[in-house]
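In our numbering, the protein residues as written are 1 to 130.
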């Protein structure tokens, strides 16, 4: 019973993280990545680095959702979140929001869940475990 509960918990974490990150990836597929390209080049990096967002927010999200190479997918999402925080959210790194919460709580939560899934693995309800 304990393993079943843990596996269901992992499934919920995978579906939640992967699904929510995938929305961000879909927005970039639909609207393009010009703002990200500008952020990347402003930091002195080559423009092609911006295309990594598709790996981190589309490919990795799908891997996590279905549980196929999900540790790699979760690790890619974590890397994507570190890049997003470094590039787009750095000014808010040590700030509180107007409501009193951490200004980057969403980004922090995505990062922490991705790291946890990379450590724990996908659980029994995944392609990896079949």
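Yeah, the Cβ is synthetic: ideal placement off N, Cα and C, and Gly gets one too.
**Item:** Nearest candidate by alpha-carbon position, reference residue 30, set 118, 129, 86 and 57
**Value:** 57
**Asked** Short check: CB of residue 172 to CB of residue 65, under 8 angstroms?
**Response** Lying before the first or after the last residue shown, residue 172 is absent from the chain, which here runs from 1 to 130.
**Message:** Distance check for residue 91 and residue 8, CA to CA, integer angstroms please.
**Reply:** The straight-line gap from Cα to Cα measures roughly 37 angstroms.
**Asked** Between residue 60 and the rest of its own chain, which residues show a CB-CB distance below 6 angstroms, the 5 nearest in sequence each way excluded?
**Response** 73, 76 and 77
**Prompt:** Identify the residues that DSSP records as bridge partners of residue 179: which are they?
**Reply:** With the chain represented from 1 up to 130, any question about residue 179 goes unanswered, as that position is not in the structure.
**Message:** Measuring straight from C-alpha to C-alpha, what distance separates residue 63 and residue 128?
**Reply:** Residue 63 and residue 128: Cα-Cα distance of roughly 10 angstroms.
**Request:** Tell whether a beta-carbon distance below 8 angstroms holds between residue 17 and residue 114.
**Result:** yes
**Request:** Return the chain-ordered list of same chain residues with a C-beta closer than 7 angstroms to the C-beta of residue 47, the five sequence neighbours on each side being excluded.
**Result:** 37, 40 and 41
**Message:** Taking only three categories from DSSP, how would you classify residue 133?
**Reply:** There is no way to answer for residue 133, as the model of the chain reaches only from 1 to 130.
**Residue range of the alpha helix (DSSP H) that includes residue 71** = Where residue 71 is concerned, the enclosing alpha helix (DSSP H) stretches over 70-87.
**Message:** To the nearest angstrom, how far is the alpha carbon of residue 100 from that of residue 112?
**Reply:** 20 angstroms
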